[in-house]
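Notes for the one structure printed next.
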Amino acid sequence: MSKETGKPEENALRAVCSVYVPVRNPLQSAAWWERHFGLTFAVPYNPAEAQAILRLSEGQWLHLVETRGPIDNQFPDKAGNEMFRLTFEVRRIEVLYDRLLTQGVRVEHLADRGSCGINFVFCDPDGNQFDVNEVVRAHRTPEEAEQVRAYLFPASAAR
Numbered sequence: 008m009s010k011e012t013g014k015p016e017e018n019a020l021r022a023v024c025s026v027y028v029p030v031r032n033p034l035q036s037a038a039w040w041e042r043h044f045g046l047t048f049a050v051p052y053n054p055a056e057a058q059a060i061l062r063l064s065e066g067q068w069l070h071l072v073e074t075r076g077p078i079d080n081q082f083p084d085k086a087g088n089e090m091f092r093l094t095f096e097v098r099r100i101e102v103l104y105d106r107l108l109t110q111g112v113r114v115e116h117l118a119d120r121g122s123c124g125i126n127f128v129f130c131d132p133d134g135n136q137f138d139v140n141e142v143v144r145a146h147r148t149p150e151e152a153e154q155v156r157a158y159l160f161p162a163s164a165a166r
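Our numbering runs 7 ahead of the 1-based position in the sequence shown.
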């Protein structure tokens, strides 16, 4: 602690290790996440806990927690737009986007957010919305980034 300000001298929060998502049926939800994203169980399923715990590729845990109450994982921003609580970082966003569309996953809001990257929103079977992002300028050559943009936004590329 700084004696002058009383504040910590460094950022004490390092990362998000777990995210909790309300679901109706943890095992069915876990199977959906495994089928569409390749997630696997972080720990064996324990029915007494009423949650399935899956591992993301970087080690974070996604807790699919059974609820009987309303599922409301979104909130409106000041302008009234429905917002999501979580953005997943991905590589090869165009491949994931196509795969989810082909598999019948509800996908919406494909957007090129410039220096923030390319994003889209998808919904799980319980209606939870999640954002997906790839900062193509940071992870690809300029030529590759333009190819991805032209592929995902063909109307813009034609101009």
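Ideal placement from N, C-alpha and C gives every residue a C-beta, glycine not left out.
Can you give the Cα-Cα distance for residue i and residue j, rounded to whole angstroms?
| i | j | result |
| --- | --- | --- |
| Val-23 | Gln-67 | 7 angstroms |
| Gln-58 | Phe-137 | 19 angstroms |
| Ile-100 | Thr-12 | 43 angstroms |
| His-38 | Leu-103 | Note that residue 38 corresponds to Ala in the displayed sequence, not to His. Roughly 17 angstroms separates the two Cα atoms. |
| Met-90 | Glu-150 | 32 angstroms |
| Val-139 | Leu-34 | 23 angstroms |
| Asp-119 | Arg-92 | 19 angstroms |
| Ile-60 | Gly-111 | 24 angstroms |
Within the continuous beta strand (DSSP E) that includes residue i, where are the two ends?
| i | result |
| --- | --- |
| Tyr-27 | 25 to 30 |
Could you give the DSSP three-state label for residue i: helix, strand or coil?
| i | result |
| --- | --- |
| Arg-166 | Only weak support is given to the placement of Arg-166: the predicted model assigns it a pLDDT of 48, under 50, and the value that follows is read from those uncertain coordinates. Arg-166 falls in the coil class under three-state DSSP. |
| Ala-157 | helix |
Could you tell me how far apart the beta carbons of residue i and residue j are, in whole angstroms, since I believe they sit closer than 8 angstroms?
| i | j | result |
| --- | --- | --- |
| Thr-74 | Arg-62 | Incorrect: roughly 21 angstroms between the Cβ atoms, too far for contact. |
| Ile-78 | Pro-132 | Ile-78 to Pro-132, Cβ: 10 angstroms. No contact. |
| Glu-141 | Ile-125 | 6 angstroms |
Between which two residues does the alpha helix (DSSP H) carrying residue i extend?
| i | result |
| --- | --- |
| Glu-17 | Element bounds for Glu-17: n/a, residue is neither H nor E. |
Problem set entry | Segments assigned alpha helix (DSSP H), at least 4 residues, entirely inside the stretch 25 to 71 | Qualifying alpha helix (DSSP H) stretches, in chain order: 33 to 44.
Problem set entry | Unbroken stretches of the beta strand (DSSP E), 3 residues or longer, contained in the stretch 101 to 144 | 114 to 119, 125 to 130 and 136 to 141
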